[in-house]
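Colleague: In the numbering used here, the protein residues as written are 927 to 1133. Below are the structure tokens for one structure; questions will follow.
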């Protein structure tokens, strides 16, 4: 579980940085395939091919609905609502679930079935067996149906660091992150991933 928390903190730090840029950047496709690990095991967010500035339109055409990965998309993305930072929070919750469960979310459903289940039926994935109570509460908060009920990444980071501190006092088997398919190849090579692990306030001011 410590590996999961370490990756979660790195990703949350990157997203907090993006969401505090001027103008704010919404990733819109946060998923394990878009998280790289460097040689030190630090996670970095990459692939901003469909990222948008805050409030950019997500017109509900069939073409635009493909801009993202349904298994990780927030309900409002299916409806064509404006892109706010809370869509990334929802995706982060699904990513955390996959960290714990070590399998792809909604793997038995088609994209249209996922849209129906998550967007219309408000269904959510079941709690993984190796997920602590504290982490599960965070996941549930992050994938709330209503965007305004989801926490921001500053609050998410505070919770994750509290969970890390608790974890340091426990001796439990590592959950590992192998099943995430996080790539260790060229994690430091691309400019998209270079500064997004956990930038300092000084770095933020320089951008």
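Ideal placement from N, C-alpha and C gives every residue a C-beta, glycine not left out. Being a predicted model, the structure only gives us computed values, none of them experimental.
1. Enumerate in chain order the residues of its own chain whose CB-to-CB distance from residue 1135 is below 6 Å, with the five nearest sequence positions on each side excluded.
2. Consider the C-beta atom of residue 930 and the heavy atoms of the ligand ATP; say whether any pair is separated by less than 8 Å.
3. I need the straight-line Cα distance from residue 1010 to residue 1056, nearest angstrom please.
4. Provide the residue(s) that pair with residue 1020 in DSSP beta bridges, ordered along the chain.
5. Residue 1054 and residue 1000 look like a contact to me (Cβ under 8 Å); what is the Cβ gap, rounded to whole Å?
6. For residue 949, count the other beta carbons within 10 Å of its own beta carbon; 16 or more makes it buried, fewer makes it exposed. Which is it?
7. Start and end of the alpha helix (DSSP H) containing residue 970?
8. Can you name the start and end residues of the beta strand (DSSP E) that residue 930 belongs to?
9. Could you tell me the alpha carbon to alpha carbon distance between residue 1058 and residue 947, rounded to whole angstroms?
10. Please report the straight-line C-alpha distance between residue 1025 and residue 957, rounded to a whole angstrom.
11. Taking C-alpha atoms, which residue in 1041, 1029, 1015 lies nearest to residue 1006?
12. Return the bridge partner residues of residue 961 from the DSSP annotation.
13. Which same chain residues, not among the five before or five after residue 1076, have their C-beta less than 6 Å away from its C-beta?
14. Tell whether a beta-carbon distance below 9 Å holds between residue 1083 and residue 935.
15. The alpha helix (DSSP H) that contains residue 1045, what's its start and end?
16. For residue 969, is the classification buried or exposed, using 16 other Cβ atoms within 10 angstroms of its Cβ as the cut-off for buried?
17. What does the Cβ neighbour count give for residue 1003, buried or exposed, with the cut at 16 atoms within 10 Å?
18. Taking just the CA atoms, how far does residue 967 sit from residue 1044?
19. For residue 1062, which residues in the same chain have their Cβ closer than 7 Å to its Cβ, ignoring the five residues on either side in sequence?
20. Report the CB separation of residue 1060 from residue 1022 in whole angstroms; it is logged as a contact under 8 Å.
21. At the level of alpha carbons, what is the spacing between residue 959 and residue 971?
22. Does DSSP put residue 966 in a helix, a strand or coil?
Modeller: With the structure as the only source:
1. Nothing about residue 1135 can be reported from this structure: the residues present for the chain run from 927 to 1133 only.
2. Among the components of this structure there are no ligands whatsoever, and the ligand ATP is therefore not found.
3. Your numbering for residue 1010 matches position 84 in the chain shown. Your numbering for residue 1056 matches position 130 in the chain shown. Those two C-alpha atoms are separated by around 31 Å.
4. Here residue 1020 refers to the residue found at position 94 when the chain shown is read from its first residue. DSSP, once it has assigned bridges, lists no residue as partnering residue 1020.
5. Counted from its first residue, the chain shown places residue 1054 at position 128. Counted from its first residue, the chain shown places residue 1000 at position 74. No, residue 1054 and residue 1000 are not in contact; Cβ-Cβ is about 20 Å, not under 8 Å.
6. Taking the first residue of the chain shown as position 1, residue 949 is located at position 23. When all chains shown are included, residue 949 counts as exposed.
7. Walking along the chain shown from the start, residue 970 turns up at place 44. First-last for residue 970: 969–971, but that is the beta strand (DSSP E), not the alpha helix (DSSP H).
8. Along the chain shown, one-based indexing puts residue 930 at 4. Not the beta strand (DSSP E): residue 930 falls in the alpha helix (DSSP H), residues 928–945.
9. Walking along the chain shown from the start, residue 1058 turns up at place 132. Walking along the chain shown from the start, residue 947 turns up at place 21. Whole-angstrom Cα-Cα distance: 32 Å.
10. On the chain shown, position 99 is the one that residue 1025 refers to. On the chain shown, position 31 is the one that residue 957 refers to. So the two alpha carbons sit approximately 11 Å from each other.
11. Stepping through the chain shown from its first residue, residue 1006 is reached at position 80. For residue 1006, the nearest C-alpha among the options comes from 1041.
12. If you number the chain shown from 1, residue 961 lands on position 35. DSSP lists 971 as partners of residue 961.
13. Along the chain shown, read from residue 1 onward, the residue named residue 1076 stands at position 150. Closer than 6 Å at the Cβ level, and outside the excluded window around residue 1076, lie 1012, 1015, 1068, 1070.
14. Your numbering for residue 1083 matches position 157 in the chain shown. Your numbering for residue 935 matches position 9 in the chain shown. A contact, by the Cβ cut-off of 9 Å.
15. The residue given as residue 1045 occupies position 119 in the chain shown. Note, residue 1045: premise wrong, no alpha helix (DSSP H); not H, not E.
16. The residue given as residue 969 occupies position 43 in the chain shown. It is buried - the Cβ of residue 969 has at least 16 other Cβ atoms within 10 Å.
17. Counting from one through the chain shown, the residue named residue 1003 turns up at place 77. Buried, because 16 or more other Cβ atoms sit within 10 Å of the Cβ of residue 1003.
18. Looking up residue 1044 in the chain shown gives position 118. Looking up residue 967 in the chain shown gives position 41. Their Cα atoms are separated by approximately 32 Å.
19. Counting from one through the chain shown, the residue named residue 1062 turns up at place 136. Contacts found: 1053.
20. Against the chain shown, residue 1060 aligns to sequence position 134. Against the chain shown, residue 1022 aligns to sequence position 96. So it is not a contact: roughly 12 Å between Cβ atoms.
21. On the chain shown, position 33 is the one that residue 959 refers to. On the chain shown, position 45 is the one that residue 971 refers to. Going by the C-alpha atoms only, they are around 9 Å apart.
22. The sequence position of residue 966 within the chain shown is 40, counting from 1. Residue 966 falls in the coil class under three-state DSSP.
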